[in-house]
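**Student:** Residue numbers (the UniProt record's numbering): 1 to 152.
Glycine included, each C-beta is placed from N, C-alpha and C at the ideal position.
Nothing here was measured: the structure is a model prediction, and the numbers come from that model.
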C-alpha cells in the first residue's frame, strides 16, 4: 500500500486541481471526500490540473464513513491548524493517508477524533493558515522523503 492524499469536503475547484496535479507529479493517489463545494466537472479543476489529471488515480467517496471503509489498517494523519506536532518531527509510514480538511473550516471534531495523528505545518504566528494545495505539497513532500517514495 502506498501513501495517499485525502481531501475532506474541499470547497475550491482550483485547489483540488492543484492537488490532483501534485498527485500526478509525485505518483500519489488522491481521495476526494464529498460533498464537494463545486460541481465536479468545473472547468477550474481541469485548468489547475491541466493535462495531468489523466495521470493521477482519483477516488471519490460519498462521505467520510464511506472513505473510512476503504482505509483498512492504514493510519489516518490529519493536517490541522489545531495540532502542535510538526510533520518534520513525525515518523511517516509508507501507507499513511494524509488528510486535509475543507478550506473554510477544516474537519469536524468527530473526524479529527478518529485520526491516529494530528500534525501542524510550522508557519509564522502572524498568519492563520496556508493555502490547501501548498500545505498538501509540503506535507506530501516530507512524507515521501521520509519513506523513500520520491520519484527518481
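Could you tell me the distance, in whole angstroms, from the CA atom of residue 119 to the CA atom of residue 77?
**Tutor:** Looking at the two C-alpha atoms, the distance is approximately 7 Å.
**Student:** Consult DSSP for residue 123 and reduce its assignment to one of helix, strand or coil.
**Tutor:** Note: residue 123 maps to coil in three-state DSSP.
**Student:** Using the C-alpha atoms, what's the distance from residue 116 back to residue 79?
**Tutor:** Going by the C-alpha atoms only, they are around 11 Å apart.
**Student:** Taking a contact to mean a Cβ-Cβ separation below 8 Å, would you say residue 47 touches residue 17 in this structure?
**Tutor:** In this structure, residue 17 lies closer than 8 Å to residue 47 by Cβ.
**Student:** Where residue 133 and residue 29 are concerned, what is the direct C-alpha to C-alpha distance, given to the nearest angstrom?
**Tutor:** Their Cα atoms are separated by approximately 15 Å.
**Student:** Across the region 89 to 103 and the region 53 to 64, are there enough close Cβ pairs to call them in contact, namely three or more that are closer than 8 Å?
**Tutor:** No, the region 89 to 103 does not touch the region 53 to 64.
**Student:** Just list the beta strand (DSSP E) runs in the region 32 to 113, keeping only unbroken ones of 3 residues or longer that don't cross its boundaries, in chain order.
**Tutor:** DSSP runs (the beta strand (DSSP E)) wholly in the region 32 to 113: 58 to 61, 76 to 79, 97 to 100.
**Student:** Using 8 Å for Cβ pairs, my map puts residue 121 next to residue 138. What's the rounded Cβ distance?
**Tutor:** Rounded, the Cβ-Cβ distance is 6 Å, consistent with contact.
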